[in-house]
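Residue numbers (the numbering used here), protein chains in the order written: chain A, 43 to 154; chain B, 251 to 363.
Here it is as structure tokens:
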């Protein structure tokens, strides 16, 4: 158990809908990362927050957004969902920006 | 551009044997490298990391070797066990830190009894 908690574990939704994935980092970790894992793209970095502020951005679509709250939990919002958004979405955290990153168990999103 | 690749997508070894998983990276400026293990239905699990000022680091049954000259990274697992069966990813990070890890596609390691 990495200490990173993600909810929900599984989610099935229709195209065009909007979902929110939630992440609680390890206790004391200030940095939160979001990754997308699909069969054809592997693990892709989406975005990083550090102590509430966006720190780095990767291949995140404009339809996706994220935020980190004062209690350090984070949410990833996915809107106007398409079939191709079906993937595993991982949250990860680290104590400081640049330290070892620990991953949660992921949220399985299926868009039908 | 940034890219991390793996030499073999699959690797099968006999239980008890040593295994070596290889990884090539393209960015000579990368200064931090991590190996992750991912079991089916689970998140990537940190195994071992190494910084660019080192060429070898050992953990419990695992050793990571870094050859900066040829931009090559390897993970050695000693005395493999059935529980070692998983997909192994290498990841590289550019300075100043691990903000944006670039992952390889992964190598599936299968341990045969």
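Glycine included, C-beta positions come from ideal geometry on N, C-alpha and C.
Chain-ordered chain A contacts of residue 284 of chain B [CB-CB under 8 Å]: 142, 143
Short Cβ contact (8 Å threshold) for residue 313 of chain B with residue 321 of chain B: no
Under 7 Å by beta carbon: chain A residues contacting residue 351 of chain B: 87, 143
Nearest-angstrom Cα separation, counted from residue 339 of chain B out to residue 126 of chain A: 23 Å
CB contact check: residue 299 of chain B to chain A, cutoff 8 Å: yes
Pick from B:281, B:266, B:272 that is closest to residue 342 of chain B, judged by C-alpha positions: B:281
C-beta neighbour in chain B for residue 122 of chain A, strict 8 Å: no
Simplified DSSP state of residue 146 of chain A, which is helix, strand or coil: coil
Bridge-paired residues (DSSP) for residue 299 of chain B: B:284
Residue-chain proximity (residue 333 of chain B, chain A), Cβ-Cβ < 8 Å: no
Beta carbon proximity, residue 292 of chain B to chain A, threshold 8 Å: yes
Other residues of its chain near residue 64 of chain A: CB distance less than 6 Å, five sequence neighbours each side excluded: 49, 117
Cβ-based burial, residue 153 of chain A [other Cβ within 10 Å; buried from 16]: buried
Under 8 Å by beta carbon: chain A residues contacting residue 355 of chain B: 84
For residue 88 of chain A, three-class secondary structure by DSSP: strand
Chain B within 8 Å of residue 148 of chain A, Cβ atoms only: yes
DSSP-derived helix/strand/coil call for residue 118 of chain A: strand
Partner residues on chain B for residue 106 of chain A, Cβ-Cβ distance less than 8 Å: Within 8 Å Cβ-Cβ: nothing; residue 106 of chain A doesn't reach chain B, min ~16 Å.
Status (buried if at least 16 other CB within 10 Å, exposed otherwise) for residue 69 of chain A: exposed
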